[in-house]
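Beneath this line is the structure, given in structure tokens, with notes to follow.
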Amino acid sequence: MKMKTPAVDPSPRKIYGLILLWYFLFYFYECITSTYWVKYLQFHGLSPSHIGSIASVGLVLSLIMQPFWATRTDKAKYKNNLQSFVLLGTMAAISLLFLPIPAKAVAPFLLMVYILYQVFQAPGAFLSDTIALENLERTGRPFGRVRLMGSIGWAVSGLLIGVLLGRNVELFVPMAVVTGFALFAVQRSLPKVQGHMQKSARSFRSIGTFLKNRAVYPVLIAEAGFSFGMSLTSIFLLARFESLGGTTGMYGLFLFLATMTEIPYLFYGDRIVKRFGTTKVLVAVAITSALRLFYLAWMPSWGYIFAVVMVQGILVLRIYCITTYINRASPPELKASGQMLYATTTGSFRAVGSFCGGLLVERVFGGEYAHVFWVAGGICVLTAVWIWISMRRQGEVSEPLQVEVVLTEKEPKVSSSS
Numbered sequence: 207m208k209m210k211t212p213a214v215d216p217s218p219r220k221i222y223g224l225i226l227l228w229y230f231l232f233y234f235y236e237c238i239t240s241t242y243w244v245k246y247l248q249f250h251g252l253s254p255s256h257i258g259s260i261a262s263v264g265l266v267l268s269l270i271m272q273p274f275w276a277t278r279t280d281k282a283k284y285k286n287n288l289q290s291f292v293l294l295g296t297m298a299a300i301s302l303l304f305l306p307i308p309a310k311a312v313a314p315f316l317l318m319v320y321i322l323y324q325v326f327q328a329p330g331a332f333l334s335d336t337i338a339l340e341n342l343e344r345t346g347r348p349f350g351r352v353r354l355m356g357s358i359g360w361a362v363s364g365l366l367i368g369v370l371l372g373r374n375v376e377l378f379v380p381m382a383v384v385t386g387f388a389l390f391a392v393q394r395s396l397p398k399v400q401g402h403m404q405k406s407a408r409s410f411r412s413i414g415t416f417l418k419n420r421a422v423y424p425v426l427i428a429e430a431g432f433s434f435g436m437s438l439t440s441i442f443l444l445a446r447f448e449s450l451g452g453t454t455g456m457y458g459l460f461l462f463l464a465t466m467t468e469i470p471y472l473f474y475g476d477r478i479v480k481r482f483g484t485t486k487v488l489v490a491v492a493i494t495s496a497l498r499l500f501y502l503a504w505m506p507s508w509g510y511i512f513a514v515v516m517v518q519g520i521l522v523l524r525i526y527c528i529t530t531y532i533n534r535a536s537p538p539e540l541k542a543s544g545q546m547l548y549a550t551t552t553g554s555f556r557a558v559g560s561f562c563g564g565l566l567v568e569r570v571f572g573g574e575y576a577h578v579f580w581v582a583g584g585i586c587v588l589t590a591v592w593i594w595i596s597m598r599r600q601g602e603v604s605e606p607l608q609v610e611v612v613l614t615e616k617e618p619k620v621s622s623s624s
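Following the working numbering, the numbering of the sequence shown begins with 207 at its first residue and continues without gaps.
Have a look at this one:
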């Protein structure tokens with residue numbers, strides 16, 4: 207009888223290559239299903255308030271699902287298996303759009319599809335970051351260059367899909383599904399990452415212990431401000447661009463150029479944060495975000511949007527800073543839960559922002575998109591003030607909160623030291 211040969215992990219160089227390819231395709235996929243989802247809804251005749259409501263309901267459900275997916279991730283034998291499951295779930299949800307959309311129930315049908323998509327999409331970002339960061343610890347490679355590949359994927363997707371959808375919006379669905387299958391093929395080649403929390407651990411109590419580390423509160427509240435302010439306008443940026451005479455193809459070119467400016471910031475992200483610190487970098491990002499939004503509110507013609515490209519790149523440092531900061535603050539058994547708290551904060555305030563943005567555009571500003579950009583810019587200014595005051599008062603975390611989960615059959619005992 208032949209003995210099974212144990213699986214051997216790929217070399218560190220191959221692991222790094224697979225992670226880079228995953229991030230390229232993951233953000234290519236994200237660009238299709240987020241940026242151009244609004245275009246698809248507009249194609250089917252939905253109003254700004256309907257679009258904002260659908261986006262917010264889906265994001266709220268995504269938020270509700272975050273704790274469930276995070277505990278499943280930490281308790282899973284292999285986190286990769288859960289990643290495969292949720293990826294296939296998002297593809298199945300989008301595939302429902304191949305069905306004929308009932309003429310009398312367009313909005314409810316699209317809402318149902320978006321809800322199903324968000325249920326499975328909820329853990330996508332923090333699963334990717336958790337699996338990538340744990341694999342990178344083995345290889346000693348920086349996260350900034352990995353996230354750089356995500357930006358390149360987003361840029362290429364923005365340009366290519368923008369041109370294709372400018373010709374035929376119905377290509378939205380097949381392009382998303384094909385990219386999903388490519389992602390799945392790469393995912394199955396990544397080394398397995400084990401869950402760290404035993405199945406009988408009470409994860410919510412452990413998360414509560416983790417939250418005793420007060421140093422994470424300033425960045426989580428700052429993320430709330432960023433997410434709320436940016437989501438007020440994000441779903442309507444394409445609509446504002448088109449209202450000024452721009453086309454979907456030109457918007458795709460803008461996305462490509464804007465995202466390509468992220469390359470130097472991600473390539474040198476590790477050095478930038480080490481040189482200036484998380485506080486100063488996040489303040490710079492908040493101020494730049496505010497100036498960008500004020501400019502987008504003011505611009506009199508669609509061509510002016512290309513000037514934003516010059517400052518767009520620095521915005522990506524927000525994601526890099528907060529992701530790595532939360533990872534530093536998370537003990538090994540709560541890596542996924544730490545990223546879940548970040549994703550939950552992002553998702554919840556994105557949901558509120560999308561809903562409020564739709565209401566403001568339609569009910570308060572009479573269908574005029576520019577005014578909501580002024581409001582969003584003001585929120586980013588307040589976020590910059592908050593970061594500067596709170597982070598300087600609280601201090602930055604430099605090492606994980608030490609959490610030890612000791613299990614018994616009846617009652618798990620949680621002890622911590624900081």
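The beta-carbon is built from N, C-alpha and C at its ideal position, and this holds for glycine as well.
Short Cβ contact (9 Å threshold) for residue i with residue j
i, j, result
"residue 596", "residue 464", "no"
"residue 430", "residue 579", "no"
"residue 255", "residue 325", "no"
"residue 279", "residue 342", "no"
"residue 284", "residue 400", "yes"
"residue 460", "residue 512", "yes"
"residue 519", "residue 532", "no"
"residue 338", "residue 471", "no"
"residue 522", "residue 353", "yes"
"residue 239", "residue 300", "yes"
"residue 452", "residue 371", "no"
"residue 246", "residue 305", "no"
"residue 563", "residue 450", "no"
"residue 566", "residue 392", "no"
"residue 266", "residue 257", "no"
Environment of residue i [buried if 16+ CB atoms lie within 10 Å]
i, result
"residue 250", "exposed"
"residue 572", "exposed"
"residue 570", "exposed"
"residue 436", "buried"
"residue 574", "exposed"
"residue 189", "Lying before the first or after the last residue shown, residue 189 is absent from the chain, which here runs from 207 to 624."
"residue 220", "exposed"
"residue 378", "buried"
"residue 588", "exposed"
"residue 216", "exposed"
"residue 374", "exposed"
"residue 311", "exposed"
Where the alpha helix (DSSP H) containing residue i begins and where it ends
i, result
"residue 236", "218-241"
"residue 387", "378-393"
"residue 533", "522-535"
"residue 297", "285-301"
"residue 314", "312-327"
"residue 515", "515-518"
"residue 349", "349-373"
"residue 458", "454-466"
"residue 436", "423-440"
Three-state secondary structure assigned by DSSP to residue i
i, result
"residue 575", "coil"
"residue 474", "coil"
"residue 276", "helix"
"residue 479", "helix"
"residue 404", "Residue placement at residue 404 is poorly supported in this model, since its pLDDT is 48, which falls under 50; the coordinates still yield a value, given next. It is coil, neither helix nor strand."
"residue 307", "coil"
"residue 256", "helix"
Residue i at chain C interface by Cβ criterion, 9 Å
i, result
"residue 489", "Absent here is chain C; the protein component of the structure consists of one chain."
Below 8 Å, how does it come out for the region 557-564 and the region 494-510: are there three or more Cβ pairs, yes or no?
no
Report yes or no: do three or more beta-carbon pairs, one from the region 431-450 and one from the region 314-328, lie closer than 8 Å?
no
Please determine if the region 227-238 and the region 370-388 are in contact, where contact requires at least 3 C-beta pairs separated by less than 8 Å.
yes
Would the region 356-369 count as touching the region 477-486 if we require 3 or more Cβ pairs under 8 Å?
no
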